[in-house]
Structure formats: C-alpha cells, structure tokens
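Only one structure is covered here, and it is reproduced in the block below.
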Amino acid sequence: MTVATTQSIPAFCEGIQHFGELPPEFAAYGQSAAIAPEQTAVSSPSDPVAVYQTLLAADALRYLTLQVTASKESGHPGGFASIAEAIASLVMLGHKNIITEVGHHAPGFYSNVFLDRSLEDMGIETVQQLCDRFRETHGLLGHLSGQIPGLLNPAGPLGQGQHFAMVGAKLHPGVLFPVTIGDGGLGEPYIMSSFGHFNTAYPTVTNFLPILVWNGYSQEHHSMVSTKSNRAMIDYWRGNGFQEVVLVDAKDFDDANQPGDYVDSTAFSFPQRFAFTQAVLEATDKAAKLALGGTLTVLIVKQLKGAGVHKRGAQSHNLYPGDSLQRDYIVSALTTRALHPDAWALVRTNYERSMGGPGAKTAVTESVLPLADLGTLPLNEFSVGGDKQVATTAMGALVGYVGQQDAQFVVTNADGNAASGINNINQALKIIHPTTDATYFQQPQGQVYEPLSEDACAGLAAAQALFGARTLWCSYESFAINGLPIWQTVTQAMAELRRPTPSTIALFTAGALEQGRNGWTHQRPEVENYFAGMLRNGNVYALFPTDANSIQVCYDWALATRNKGITITASKSPLPVRTTFEQTRRALAEGAVTLASIAGDKTVVFAVIGDMTLIPVFEAAEQLAVKGIGSRIVSVVNPRQLYRPTDVAWDMCSEPDSNFLDDAGFERLFGGDVLIGVTGGSSAMLEPIMLRSIALRDTFCWRRGETTASAGQIMALNGLTADDFVARATALLG
Numbered sequence: 068m069t070v071a072t073t074q075s076i077p078a079f080c081e082g083i084q085h086f087g088e089l090p091p092e093f094a095a096y097g098q099s100a101a102i103a104p105e106q107t108a109v110s111s112p113s114d115p116v117a118v119y120q121t122l123l124a125a126d127a128l129r130y131l132t133l134q135v136t137a138s139k140e141s142g143h144p145g146g147f148a149s150i151a152e153a154i155a156s157l158v159m160l161g162h163k164n165i166i167t168e169v170g171h172h173a174p175g176f177y178s179n180v181f182l183d184r185s186l187e188d189m190g191i192e193t194v195q196q197l198c199d200r201f202r203e204t205h206g207l208l209g210h211l212s213g214q215i216p217g218l219l220n221p222a223g224p225l226g227q228g229q230h231f232a233m234v235g236a237k238l239h240p241g242v243l244f245p246v247t248i249g250d251g252g253l254g255e256p257y258i259m260s261s262f263g264h265f266n267t268a269y270p271t272v273t274n275f276l277p278i279l280v281w282n283g284y285s286q287e288h289h290s291m292v293s294t295k296s297n298r299a300m301i302d303y304w305r306g307n308g309f310q311e312v313v314l315v316d317a318k319d320f321d322d323a324n325q326p327g328d329y330v331d332s333t334a335f336s337f338p339q340r341f342a343f344t345q346a347v348l349e350a351t352d353k354a355a356k357l358a359l360g361g362t363l364t365v366l367i368v369k370q371l372k373g374a375g376v377h378k379r380g381a382q383s384h385n386l387y388p389g390d391s392l393q394r395d396y397i398v399s400a401l402t403t404r405a406l407h408p409d410a411w412a413l414v415r416t417n418y419e420r421s422m423g424g425p426g427a428k429t430a431v432t433e434s435v436l437p438l439a440d441l442g443t444l445p446l447n448e449f450s451v452g453g454d455k456q457v458a459t460t461a462m463g464a465l466v467g468y469v470g471q472q473d474a475q476f477v478v479t480n481a482d483g484n485a486a487s488g489i490n491n492i493n494q495a496l497k498i499i500h501p502t503t504d505a506t507y508f509q510q511p512q513g514q515v516y517e518p519l520s521e522d523a524c525a526g527l528a529a530a531q532a533l534f535g536a537r538t539l540w541c542s543y544e545s546f547a548i549n550g551l552p553i554w555q556t557v558t559q560a561m562a563e564l565r566r567p568t569p570s571t572i573a574l575f576t577a578g579a580l581e582q583g584r585n586g587w588t589h590q591r592p593e594v595e596n597y598f599a600g601m602l603r604n605g606n607v608y609a610l611f612p613t614d615a616n617s618i619q620v621c622y623d624w625a626l627a628t629r630n631k632g633i634t635i636t637a638s639k640s641p642l643p644v645r646t647t648f649e650q651t652r653r654a655l656a657e658g659a660v661t662l663a664s665i666a667g668d669k670t671v672v673f674a675v676i677g678d679m680t681l682i683p684v685f686e687a688a689e690q691l692a693v694k695g696i697g698s699r700i701v702s703v704v705n706p707r708q709l710y711r712p713t714d715v716a717w718d719m720c721s722e723p724d725s726n727f728l729d730d731a732g733f734e735r736l737f738g739g740d741v742l743i744g745v746t747g748g749s750s751a752m753l754e755p756i757m758l759r760s761i762a763l764r765d766t767f768c769w770r771r772g773e774t775t776a777s778a779g780q781i782m783a784l785n786g787l788t789a790d791d792f793v794a795r796a797t798a799l800l801g
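Numbering (our numbering), first residue to last: 68 to 801.
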C-alpha cells in the first residue's frame, strides 16, 4: 500500500521528511492500539500485537532521533539507537519514570517524550517544532537539563544517572526507575561502587533498574568492555551484588550474517526483528517485575551502536557539519526507517495511554513532593565574647533536629562526621549500616549515609534534593572536589527547574588552615574557585559563617530556600563568638557584617572571608590603632550578594533572587582609604568586593599547602599574618 493522502496525516507529524508504505503486517497487528483505552500498559509482553507495536515505536524513536539531529547537523543519535527497543518496551509496559546516565542520549529522550505529548507543555506540538527547537535557547538542550517536561534528570558528565534512579526508588516505593547506562561510561567513576553502597545501606530498595546499553563502542572507539563475553559481563554484575542479570543479545537473532559480536537488529528479516523485539519486551517485563519485587536486577541489551541510523559503531555517535537532512546516507537511513502515517498515529496512541498520560503529567518529578513540617529550629545563641565554640558542632545539633522531624532527610558524608566536629549528627540520626553497633552510632535504619566516595555522597544528596526531599552533604573542603560534578549538574538543573524543590545544601569543614599537620594532601581550598565561578549562575550561594551563632542562622536560612545550591564552609575548631543571630541575618541579605570599627586619621577596611582568618586581622587592627590608623573589620558571609545585579544571571533562574547590596550599602561596609581582602582560601571569592571597590586595595589569600604544627604557621607561610597586613596597609596609605 502506498502512503496515505495528506488529509490522513496526523497533525503532530508536520515536518516529517519521509513517510513509508504501510507494511503487510500492519493488517494483522495494527488495527487497534496494543494499550487499550483506560489501560496504562499492554496486557501481555508476549502478545504479538504488543510486540509488533513495540517494534513500530522503536523505529519511530530511531527516525525522530536521526531527523532531529540531522536538522541541526549536530547531536548524538547512535548510542540511543542501540537501545530503542528497550525504551519502547518500557513505555509499552507503562513505565515512564526513565532516567539516563548518558547525556548523549538526549535527542532520543526528547523523541520519547515528544511521542507522549509531554513536550506540548513547552509549546512543541509537531515534528517541525521538535527539530526547530533542538539545541536552541529555551528549547531542547544538547544534553538533558532540568527544564524539559516529562524528563526526570539532567545528564551531562557520565557516571551520574544512577544516583537519580536510586533516589527515585528510595522516595517512591512501588514505582520503577529504569536508568540507561552506556557501556562507554561503565568505567566512569563510581557507577558500580555507588550501586554497591546503596544496596548495602538500603537492601530493600530495589525498584531501580539499570539498563546497560552494551553496544561495543564509546564516543570515538571501542568501549573498554567490548571484549567481555556474555558470561564475563553477567559475572561482572553478579560480582557487584546484582542477584539477577537479564541479558538479550541481538546476535542470537541475526539472520543477516553480520560479522562481529555486535549486530544491528534492523538488518534482520522481519520475523527475526519481531523475535528480537519480543525478547527485549519480555526481558524488560521480567526485569521490571524482579526489581519491583525486591530483587536487585540489571537488564542488558547487546546490540550494535548506531542500529538503524546513518552509520554504525563509534562513527554513529554524533553528527558533524554537513550531516544534513539532504546528505545521502541520512536520507537513506530516514527512508528505511520511515513509518506510514497510520503507524505514527498508532505509536502516538500507545504513548498517550502509557502510565495514564504524558510523563509531563504523571512522572514523579512533575509534582512537588510533600515535605515534613520542621516547625521552628531550636537555635542556641551563644554569648558574644563568651566561651569559644565549635561552629560545625552548633550546626550539627540543628541537623539532628531536622532529621528527627523529617524521616526522608538524609545526611551524606564520606565516613567523617566525627572528624568534622559533627558526631552529634551521628548520635542523633545514626549511620546507616547493616551491623548495629552503639559504639559507632550505626544501625540499619539510620539517616546518615557514609560511603567512602564523595561522588556517592554528593550524588545521593543532590539527587534527593532535585527529586524534592531535604538533604545535607558533608565533606572536608579538600575532598569535596570529587563530588562536585553532580552537585554542579543538579544546581544548574535547579536553576532551570519548572517546580520548586529544596535547595541542595553542603557543609564543608576542616579548611586548609586547620589541616597543617596533614600537609598539602588535605589543603586544597582551590575548590572555592569552583564555587566562586558558580556564584554568577544566579542560584549558587557560598556561605562563610563568622562563628557558631552565624552558622546556625545560615543553615536555618538555607533550609527555607528553594532551587539553590548552598555551600556552608566553617571550622571544626573552637573559635570566638563574634556575632549575634541578627547580625548574620543582615549579613545574609547584604553579604557582610561589620564586626569592629576603630577610629583613626585614615581607615583601613578588612574584608575577611572565613572564621579563623579573623584572628590575625583583629591583631592587625590593634597594631594599626597604635599607629593612629583606624580600621573596619567586615566579615563577608554571603559574597554572592555583593555582586551587582548585572553581574549575575539571577533573572534566568526559576526561583529568582534579585536582592543585591546597593552602592550606598557597599560604601557603608567597604568604603575607606585602603581595602585589604583576606581569605584562607581562593582569592576568587573576593571578586565582587574588588570589582566594586574604588579604594586602594590588595588581596591576601591561600598560596600553597605545607606541613606545619599549627594554623598560625600555615597562615604565616601563606602571608596571612597581622604583620603582613599592617605592612601592606601602611604602604598603600603612603
């Protein structure tokens, strides 16, 4: 049969470049949708009608993925193409809470949510609009972001998506969270170790389903696991704790005599394509039921990368300039995969009915997760000038309270709460561990998650915040760098998110100045450069509380915010209490607070980031006073507020914050004859102050680590002493 007339083409198909003929099998298997009216999934994965229509859906996904990418001569069709049958199977089985670890599968995922009408929520109703808005601002980004209706997670750096699947499973028992994992990314940091620790901590939470896209290739070459036999791959997953490994190998169905271990199912005869699709549909159903039934399960689909698109192997990974819709091999692939309009309509109907409607209406992340009421936090205001207090311990008491009010709340730390002065968190909430031991405050039902991996710590905490629950990631400042890729990914997603969600909050302790005896291995404050660079995003806040009072107010404030990334950096040493609660509340709004003002003929302003760094600054002020030189000591608590509004992309955030300190306020805090910026970390955090100040100015900051016996010695090695400050201030004053 030839292509139907224009009048019979569904409206959503506008823009499709090629339509195909109606295949003879359509008469037997395509007369009505496999997902019946008022149903949310096919009745049986072995039903020939369900199998045939899953095959149609897989071809529809391949077609759309290739046309979308070719429309911009850019993007990545090959990896997703090799898993199209499994994605189609998930939808036909009523599972749409699909996550990916592979950012390069974005155009395939966009095609998937286009078919179920989710993208209509952002004004994409036709294939033409799908192509027009691919890789465009306010459109469909090259990698998954937080703003796309129906999609659950951002994806860019490899090795992250499993965190979202595990968090979804933890927060939503009884719901399946499949997560596709590329074989090229399987060796990326921590995928298997994060599965292992999560399963040890939460052995009953198995309703996440890794789906290995075993296609033999990574981005530009063979994948490093391409030489494994099926047996070796099964043993690998079993060796990492998975009880059931469900594997479908396209090679077992090949009747086209394709060479090698990895083959393209779209080259099979129709009976063998049908058989392969049925095997994938049945395997997906089996794996899903196992995962939902309490068995840690992985589904593996072994099929050549690029199956059914323009090229095969690593060459199918992405398109380059010139790979247009007019290119001969693009046209050939599209015409081979082209569907008849009636087939497109059938695929759309199944997708609409799956899981009860578009993912944009039914996915778990499309609604706000209810949060427990915390009431009023039990803040404990210490006397200014009284006994020294440990800031982290003061915050730890509040964290324990939060966890006791909110059963979903999780604290993550790479086995270091006690070492960070926050053992009170462990005492209040208990470390999650299968072995109950009161000595170490551990038990199976705890709320403190302690893998020895910052990626696993940051991943679980940030992912849970994105999915709508409260968390806290704790780390040494020097080690946090290993967890920051996913934290950054999530904060960017939060900036774009279409719903409010709790901010992702981190506590970084044991700064470089406290780690003298450990030397440079524990002195890596360059991580502050990372956050300083992110301050301009608009939704990232790096907080530096002045003392034990200040940190409590900072945490109380952070808990009430939404869609932000907030880091709190503080010492684990007993230090003077210098501020009241009200002073920090003002500092959070204005960026800083004046701690001391000493009159003199001239005024030296010290803009100080950190708590321990205040000690030599106060000493310097005393020395200057002897010389008749006045000073003002300003504690910088929230440097983001010290930028000018035009410096920060606040207006692009879904929960915008346009409050910045005005010029008059800046002059009140930092106006003087000389400005000295002081930090025990990166000078980049002082940028907003140095950018706006018109005074003679200079910066004192961290230079390098070294082994020393005290914080004073490491400060001296970095030029952070009262004598250094006084000498420079005097020189600037002339």
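The beta carbon of each residue, even a glycine, is placed where N, CA and C say it ideally should be.
Distance between Ala355 and Val246 (C-alpha atoms, nearest Å):
12 Å
Pop quiz: Met561 and Asn606 are said to be a contact at Cβ under 8 Å. What is the actual Cβ separation, rounded to whole angstroms?
6 Å
Can you tell me which residues form a DSSP beta bridge with Pro216?
Pro216 is not bridged to any residue.
Might you give, ordered along the chain, the residues of its own chain that have their beta carbon closer than 7 Å to the beta carbon of Phe727, omitting 5 neighbours on each side?
Gln708, Tyr710, Arg711 and Pro712
Below 7 Å between beta carbons: does that hold for Gly263 and Gly308?
yes
Hey, how far is the Cα of Pro683 from the Cα of Ala789?
5 Å
Note down, one range per segment and in chain order, each alpha helix (DSSP H) of at least 4 residues found wholly within the segment 657-724.
681-693
Inter-stretch contact (C-beta, 8 Å, three-pair minimum) for the segment 335-350 and the segment 318-325:
yes
What distance in whole Å lies between the Cβ atoms of Asn282 and Leu371, which are believed to be in contact at a cut-off of 8 Å?
6 Å
Could you tell me the distance, in whole angstroms, from the CA atom of Thr416 to the CA atom of Thr636?
52 Å
Could you tell me the boundaries of the beta strand (DSSP E) in which Glu311 lies?
Glu311 to Asp316
Evaluate Arg591 with the Cβ neighbour count: other Cβ atoms within 10 Å of its Cβ, from every protein chain shown; 16 or more gives buried, anything less gives exposed.
buried
Going by the C-beta, is Gln619 closer than 6 Å to any heavy atom of the ligand FMN?
The ligand FMN is not part of the structure shown, which contains no ligands of any sort.
Where does Asn385 fall in DSSP's three states?
coil
Taking the continuous alpha helix (DSSP H) assigned at Val347, which residues delimit it?
Phe337 to Leu359
Contiguous alpha helix (DSSP H) assignments of at least 4 residues, all confined to the segment 478-517
490-496
Does DSSP put Ile548 in a helix, a strand or coil?
helix
Please go through the segment 591-616 and give each complete beta strand (DSSP E) segment of 3 or more residues, from N-terminal end onward.
607-610
Hey, Ser185 and Gly217 are a contact pair by Cβ (cut 8 Å); roughly how many whole angstroms apart?
3 Å
In chain order, what residues of the same chain have a beta carbon less than 6 Å from the beta carbon of Met601, not counting five sequence neighbours either side?
Val607
6 Å Cβ shell around Val701 - same chain, five flanking residues per side excluded
Ala659, Thr661, Ala674 and Leu736
Measure the Cβ-Cβ separation of Ser138 and Cys198 and say whether it is below 7 Å.
yes
Cβ atoms of Val704 and Ala666: under 7 Å apart, would you say?
no
Do you know whose CA, among Lys639, Ile166 and Gly213, lies nearest Met189's CA?
Gly213
How close, in whole Å, do the beta carbons of Ser721 and Arg565 come, if the pair is a contact with beta carbons under 8 Å?
7 Å
Residue from Gly254, Thr646, Ala609 and Val594 whose Cα sits closest to the Cα of Ser617:
Thr646
Rounded to whole angstroms, what's the CA-CA distance from Tyr119 to Leu413? Just pull it up for me.
11 Å
Looking at C-beta atoms only, is the number of pairs between the segment 510-525 and the segment 610-629 that lie closer than 8 Å three or more?
no
How about Arg699 and Ser664: are their beta carbons less than 7 Å apart?
yes
Can you check which of these residues, Gly578, Asn220 and Ala536, is closest to Ser545 by C-alpha distance?
Gly578
Give a yes or no on whether the C-beta atoms belonging to Gln195 and Gly82 are separated by under 7 Å.
yes
For Val715, which residues from the same chain have a beta carbon less than 8 Å from its beta carbon, with the 5 sequence-adjacent residues on both sides left out?
Leu602, Arg603, Asn604, Gly605, Arg707 and Phe727
When the Cα atoms are used, what is the spatial distance from Leu496 to Thr576?
19 Å
What does the Cβ neighbour count give for Glu433, buried or exposed, with the cut at 16 atoms within 10 Å?
buried
Taking Leu276 as the reference, give the member of Ile248, Thr506, Gly254 and Arg537 with the closest Cα.
Ile248
Between Ala464, Ile548, Ala532 and Ile150, which lies nearest to Ala481 when the distance is taken from Cα to Cα?
Ile548
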